[in-house]
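These notes concern the structure reproduced below.
And the structure:
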């Protein structure tokens, strides 16, 4: 009888101990965050790859069009200036802020793409460009130089100056924040030179529709990506501004169309003009 009573007490103690041990484990399991599925990881990876590679590829068709026509009329070379300066600055911003690696890769690829596009634009510069006519419309002829090496020298000097300033102020959060707004604020002005160029010639001649759609689609994608990834405030504000300018250029495309401006004659007109001059001289 005594042994039976002892066994019952022992069993009740074991059950109580087991209940106490299982409750914390159960609470831990219930409070644990859900483990992300492999499909979610793949979607995130593909989104990052698209963010890194997509924007630089937008300019491939523009470069092909310029090479095919052997004329850079209609494409503002200032676009290259804005993207090069902005993305070089953004690389230094990454050193201080360490945002998504995909955005750093995007900046590096964009720098390489714009260097190639700038070379093509200089090789096939319009006959009516200020440097071709010997005009100086800017202080020190900024970004209107004749030689590609001069552009490289300017960019090298910019990198050197930014590196020195970064080494001095890299521990200042205010400096890093200002650096980010400068980089992304400058990049958000990217479509403005093209907007002005379109307005002056009342046409989008020479500016590829694929580039325009790439701007609009890429900036829309960027804006959504920045909000979903909870990127720094600088990215969100500047992306919204840039997207609004893209919408304005789309409106220009509808209003102006793509007729050649008066300074550019189609190939057939050039041929007819040459034949007329030849007949007059004979």
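Numbering (the working numbering), first residue to last: 3 to 284.
For each residue, glycine too, the CB sits at the ideal point set by N, CA and C.
Annotation note: the region 61–103 contains the following uninterrupted alpha helix (DSSP H) runs of length 4 or greater, listed N- to C-terminal: 80–99. Where residue 202 is concerned, the enclosing alpha helix (DSSP H) starts and stops at 193–203.
Secondary structure of residue 206 (DSSP, three-state): coil.
For residue 139, there is no enclosing alpha helix (DSSP H), since its DSSP letter is neither H nor E. Contact check between the region 180–189 and the region 235–255: three or more CB pairs, one atom from each, fall below 8 Å, which counts as touching. Nearest in C-alpha terms to residue 80, of all of 215, 217, 123, is 123.
For the options 225, 111, 119, the alpha carbon positioned closest to that of residue 68 is the one of 119.
Between residue 160 and residue 87, the gap from beta carbon to beta carbon is short of 8 Å.
By a beta-carbon distance limit of 8 Å, residue 153 does not contact residue 200. Their separation comes to about 24 Å. With contacts defined as CB atoms closer than 8 Å, residue 145 and residue 104 fail to qualify as a contacting pair.
Closest in alpha carbon position to residue 211, among 175, 121, 253, is 253. Between residue 193 and residue 248, the C-beta spacing is below 8 Å. For residue 150, the uninterrupted alpha helix (DSSP H) run begins and ends at 150–171, by DSSP. Annotation: residue 111 to residue 95 spans about 16 Å, alpha carbon to alpha carbon.
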